[in-house]
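The opening position of the sequence shown corresponds to residue 87 in UniProt numbering, with each subsequent residue numbered one higher. Data first, discussion second: the structure below is written as structure tokens.
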Amino acid sequence: VEETYIMVKPDGVQRGLVGEIISRFEKKGFKLIGLKLFQCPQDLAEEHYIDLKAKSFYPKLIDYITSGPVVCMAWEGIGVVASARKLIGSTNPLQAEPGTIRGDLAVQTGRNVVHGSDSPENGKREIALWFGEGEICEWTPAQAPWLRE
Ligand code: GTP
Ligand code: MG
87 VEETYIMVKP DGVQRGLVGE IISRFEKKGF KLIGLKLFQC PQDLAEEHYI
137 DLKAKSFYPK LIDYITSGPV VCMAWEGIGV VASARKLIGS TNPLQAEPGT
187 IRGDLAVQTG RNVVHGSDSP ENGKREIALW FGEGEICEWT PAQAPWLRE
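The following block contains the structure:
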């Protein structure tokens with residue numbers, strides 16, 4: 087089954103948006119399989135954003151993501167990676183559609199409140215990076231037959 091790594095970034099935590107953001111994925115019908123509040127160490131931030139290492143904004147990005155606690159989440163569901171990216175909206179919140187998390191709750195690319203994996207492969211990679219063994223919970227929601235035929 088497809089999995090994605092979603093993270094409320096430090097600005098989202100500081101602004102009290104954790105519940106709002108979790109709620110959007112819950113209401114959509116995805117299954118939460120991992121959740122924790124976590125202060126990201128420097129080396130993990132660098133590993134997570136390894137593909138952006140050459141970008142001019144990379145040092146600022148590492149400072150941002152390590153500036154306070156984040157909320158780490160793993161979500162499971164059919165098509166969850168692409169769907170979560172749609173729920174989150176464009177990287178630049180000023181270009182994100184109203185109704186998306188960034189479109190509704192943020193104004194700047196460098197403070198865009200939430201992260202979502204960009205492929206199923208990266209979903210698995212990032213969940214393995216941010217969660218330890220025993221932190222992922224497999225369970226069957228009682229509502230499952232009411233979500234999928
Ligand atoms: P994530 O879900 O966080 O990975 O965002 P994304 O996939 O929409 O964007 P991308 O992976 O290209 O960039 C990762 C993060 O780097 C973005 O979410 C921003 O927080 C930050 N970022 C990207 N581009 C810029 C930029 O031009 N300036 C600044 N300051 N930050 C940027
Ligand atoms: Mg990305």
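We put the CB at the ideal spot given by N, CA and C, even for glycine. Given the structure is predicted, the values throughout are model-derived calculations rather than measurements.
{"query": "Do residue 200 and residue 98 have their CB atoms nearer than 7 Å?", "result": "yes"}
{"query": "Quick one: residues with CB closer than 7 Å to any heavy atom of the ligand MG, in chain order, please.", "result": "201, 204"}
{"query": "Helix, strand or coil, according to DSSP, for residue 211 in the structure here?", "result": "helix"}
{"query": "Can you tell me the Cα-Cα spacing of residue 208 and residue 91, whole angstroms?", "result": "8 Å"}
{"query": "Which same chain residues end up closer than 6 Å to residue 171 when comparing Cβ atoms and leaving out the 5 residues on each side of it in sequence?", "result": "202"}
{"query": "List the endpoints of the continuous beta strand (DSSP E) containing residue 91.", "result": "89–94"}
{"query": "Our contact map puts residue 120 next to residue 223 with C-beta atoms below 8 Å; I'd like the distance itself, whole angstroms only.", "result": "7 Å"}
{"query": "Below 7 Å between beta carbons: does that hold for residue 89 and residue 213?", "result": "yes"}
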